[in-house]
Amino acid sequence: MAKPKKSLTAVERRAEELDTIAAVLPIERRDELAELLTDQDIETLRHLVNQGMGDNTLRALTSDLAYLEAWGLAATGRSLPWPAPEALLLKFVAHHLWDPQRRETDADHGMPVDVDENLRQQGFLKSVGPHAPSTVRRRLANWSTLTRWRGLDGAFASPALKSAIRLAIRAVPRQRLRKSAKAVTGDVLGRLLATCATHSLRDLRDRAMLMVAFASGGRRRSEIAGLRREQLTVEPPIPVEDGPPLPALAIHLGRTKTSSGEQDEVVYLTGRPVEALNAWMTAAKIDKGSVFRGIGRWGTVSKRAIDPQSVNAILKQRAMMAGLDSGDFSAHGLRSGFLTEAAIRNIPLLEAMEQSCHRSVQQASSYYNNATRPSGRAARML
11 MAKPKKSLTA
21 VERRAEELDT
31 IAAVLPIERR
41 DELAELLTDQ
51 DIETLRHLVN
61 QGMGDNTLRA
71 LTSDLAYLEA
81 WGLAATGRSL
91 PWPAPEALLL
101 KFVAHHLWDP
111 QRRETDADHG
121 MPVDVDENLR
131 QQGFLKSVGP
141 HAPSTVRRRL
151 ANWSTLTRWR
161 GLDGAFASPA
171 LKSAIRLAIR
181 AVPRQRLRKS
191 AKAVTGDVLG
201 RLLATCATHS
211 LRDLRDRAML
221 MVAFASGGRR
231 RSEIAGLRRE
241 QLTVEPPIPV
251 EDGPPLPALA
261 IHLGRTKTSS
271 GEQDEVVYLT
281 GRPVEALNAW
291 MTAAKIDKGS
301 VFRGIGRWGT
311 VSKRAIDPQS
321 VNAILKQRAM
331 MAGLDSGDFS
341 AHGLRSGFLT
351 EAAIRNIPLL
361 EAMEQSCHRS
371 VQQASSYYNN
381 ATRPSGRAAR
391 ML
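Positions 11 to 392 (our numbering) are the ones given, in order, by the sequence shown.
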């Protein structure tokens, strides 16, 4: 006699539904998300996946939606209402853009202590102080996008909200900081790779990940975490003088942050990065699906992709092992490091931009200017 099928709780059902879209939208902290997100939230995400929205955009929407739901529960004790009333949007701004000096004399200014502690315990808050205005604007924009996809209108364009954001930013000026304090240039990358010297699965993975991320133009951590075997195609070997031909691969990135429409960005790998990537995929027996995956305590390779934050954590861990200050580096340092190293090696800017997929000459050239100014002719006029 067959056993009766166990009925799933609402949280378990949402967890299974999240799994069904994980192949398109790699999601970290699935169980926590299943508790935070509502049935309507999951249905909205599934709809966005079916509509073919870009993977990076979906990841950003999911991450911000999880934060917004967590904040809403902590601040009001209830899941977010859709559409959100103007008063709730103003509360969100007041909780995230505030004056630290005023907070010293007014305990009610800014995010309440209990809300702060709640979010911090769940891992949603790590830094201390008000949020960056760009982060607040992005989360409000994604909140607005999710509202529209539900077929609703919100108060995101209200004069009161715009005024609150403008006044809050003016009252609390913030210094613009680089995403990575220091670039991961060739010499730094060499020290990181030296910590991946064994043939263990973890060393093989991290070596391949660092080399591929750097050599493919300084790929964003979301692109590395989301890289799939199906995006790789073998290219004809590259002939070289006084040596055997170099193995080559093409990475089909699809739509990226800077591409438009159905444009398929393609970058190329040659030589050592290809050898490192093949060594990892052979050792981990990866012939399809996610390329860079988690590794369990007993050396078991997960079927799931690592999450984008893990790319950052791995780089920082390797920096510590190399005797560097991990606070100086982040995954974005691979991107800035690629362009900085290209400038040091006198590689033409446009050639480097083809590999990094930068669209703004002004942005890309800033790395070249910073790299060449100390030794440039303008610095040696006397």
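We put the CB at the ideal spot given by N, CA and C, even for glycine. Here the structure is a predicted model, which means the values were calculated and not measured.
* Asked: Would you say Arg-215 and Ala-223 are within 8 Å of each other, going by their C-beta atoms?
  -> Walking along the sequence shown from the start, residue 215 turns up at place 205. Walking along the sequence shown from the start, residue 223 turns up at place 213. No, these two residues do not count as a Cβ contact at 8 Å.
* Leu-256 by DSSP, collapsed to three states: which one? -> Counting from one through the sequence shown, the residue named residue 256 turns up at place 246. In the structure shown, Leu-256 sits in a strand (DSSP, three-state: E or B).
* **Nonlocal neighbours in the same chain, by C-beta distance under 6 Å from Tyr-368, ignoring five residues either side** => The count along the sequence shown starts at 1 and reaches residue 368 at position 358. Note on identity: in this sequence residue 368 is His, with Tyr being the wrong assignment. Counting only Cβ-Cβ distances below 6 Å, and skipping sequence neighbours, we find Ala-374.
* Alpha-carbon to alpha-carbon, Trp-92 and Asn-322 -> Locating residue 322 in the sequence shown gives position 312, counting from the first residue. Locating residue 92 in the sequence shown gives position 82, counting from the first residue. Looking at the two C-alpha atoms, the distance is approximately 34 Å.
* Asked: Considering Ala-293, what are the terminal residues of the alpha helix (DSSP H) in which it resides?
  -> Against the sequence shown, residue 293 aligns to sequence position 283. Note, Ala-293: alpha helix (DSSP H), 282 to 293.
* If you drop the 5 nearest sequence neighbours on each side, which residues of the same chain put their C-beta closer than 6 Å to that of Gly-337? -> As a working mapping, residue 337 is identified with position 327 in the sequence shown. Result list for Gly-337: empty, nothing under 6 Å.
* Would you call the CB atoms of Ala-85 and His-106 closer than 8 Å? -> The residue given as residue 85 occupies position 75 in the sequence shown. The residue given as residue 106 occupies position 96 in the sequence shown. No.
* In or out: Pro-254 buried (at least 16 other Cβ within 10 Å) or exposed? -> Mapped onto the sequence shown, residue 254 falls at position 244. Burial check for Pro-254: the Cβ neighbour count within 10 Å stays below 16, so the residue is exposed.
* Which full runs of the alpha helix (DSSP H) of 4+ residues lie inside the stretch 305 to 384, going along the chain? -> Qualifying alpha helix (DSSP H) stretches, in chain order: 318 to 331, 342 to 354, 359 to 366, 371 to 382.
* With DSSP collapsed to three states, give me the class of Met-391. => As a working mapping, residue 391 is identified with position 381 in the sequence shown. Below a pLDDT of 50, predicted positions are generally treated as unreliable, and Met-391, at 48, falls in that range; the measurement from the model is reported next regardless. Of the three classes helix, strand and coil, the one that applies to Met-391 here is coil, per DSSP.
* Please confirm whether Arg-160 and Tyr-77 have their CB atoms less than 8 Å apart. => Translated into positions along the sequence shown, residue 160 becomes position 150. Translated into positions along the sequence shown, residue 77 becomes position 67. Against a cut-off of 8 Å, the Cβ pair of Tyr-77 and Arg-160 comes out as no contact.
* Distance, Cα to Cα, Ala-94 vs Ser-154? -> For the purposes of this step, residue 94 is taken as residue 84 along the sequence shown, with counting starting at 1. For the purposes of this step, residue 154 is taken as residue 144 along the sequence shown, with counting starting at 1. Ala-94 and Ser-154 have their alpha carbons spaced roughly 9 Å apart.
* Asked: In three-state terms, what does DSSP make of Lys-15?
  -> Mapped onto the sequence shown, residue 15 falls at position 5. Bear in mind that a pLDDT of 46 at Lys-15, under 50, signals an unreliable position, so the number given afterwards is only what the model happens to contain. The answer is coil: DSSP assigns Lys-15 none of H, G, I, E or B.
* Inter-residue Cα distance where the pair is Leu-187 and Met-219 -> For this step, residue 187 is matched to residue 177 along the sequence shown. For this step, residue 219 is matched to residue 209 along the sequence shown. Here Leu-187 scores only 48 on pLDDT, less than 50, and its place in the model should not be relied on; the value that follows carries that caveat. Cα to Cα, Leu-187 sits roughly 26 Å from Met-219.
* Asked: Is the stretch 119 to 134 in contact with the stretch 162 to 177, if contact means three or more CB pairs nearer than 8 Å?
  -> no
* Pull up the distance between the alpha-carbon of Glu-245 and that of Val-103, whole angstroms please. => Along the sequence shown, read from residue 1 onward, the residue named residue 245 stands at position 235. Along the sequence shown, read from residue 1 onward, the residue named residue 103 stands at position 93. Taking the straight line from one Cα to the other gives about 50 Å.
* Asked: Since Thr-115 is in the alpha helix (DSSP H), which residue starts that stretch and which ends it?
  -> By 1-based counting over the sequence shown, the position of residue 115 is 105. Run containing Thr-115: 110 to 115, per the alpha helix (DSSP H) assignment.
* When Ala-97, Ala-165, Thr-195 are compared against Ile-354, the one with the closest alpha-carbon -> Locating residue 354 in the sequence shown gives position 344, counting from the first residue. If we check each option's Cα against that of Ile-354, Thr-195 comes out closest.
* Of the choices Phe-302, Glu-114, Pro-358, Ala-329, whose alpha-carbon is the least far from that of Leu-344? -> The residue you call residue 344 lines up with position 334 of the sequence shown. Ranking Phe-302, Glu-114, Pro-358, Ala-329 by Cα distance to Leu-344 puts Ala-329 first.
* Just the Cα atoms here: how many angstroms apart are Asp-163 and Ala-293? -> Taking the sequence shown and counting its residues from 1, one reaches residue 163 at position 153. Taking the sequence shown and counting its residues from 1, one reaches residue 293 at position 283. Their backbone Cα atoms lie some 51 Å apart in a straight line.
* For Leu-203, does the three-state DSSP call read helix, strand or coil? -> Here residue 203 corresponds to residue number 193 of the sequence shown, with the count starting at 1. Leu-203 falls in the helix class under three-state DSSP.
* Entirely within the stretch 83 to 163 and at least 4 residues each: give me those alpha helix (DSSP H) ranges in chain order. => 96 to 106, 110 to 115, 123 to 131, 143 to 159
* To do: Ignore the nearest five residues each way along the sequence and tell me which others in Gly-271's own chain have a CB closer than 6 Å to its CB.
  => Residue numbering aside, residue 271 sits at position 261 when the sequence shown is read from its first letter. Any reading at Gly-271 is ruled out, since the residue's pLDDT is 47, under 50, leaving its predicted position unreliable.
* Residue interval of the alpha helix (DSSP H) (run including Glu-233) -> Locating residue 233 in the sequence shown gives position 223, counting from the first residue. 231 to 235 is the span of the alpha helix (DSSP H), which, as asked, contains Glu-233.
* Could you name the residues that DSSP lists as bridge partners for Arg-212? => Translated into positions along the sequence shown, residue 212 becomes position 202. DSSP, once it has assigned bridges, lists no residue as partnering Arg-212.
* Backbone secondary structure at Thr-54 - three-state DSSP -> As a position in the sequence shown, residue 54 is number 44, starting the count at 1. DSSP places Thr-54 in helix when its eight states are reduced to three.
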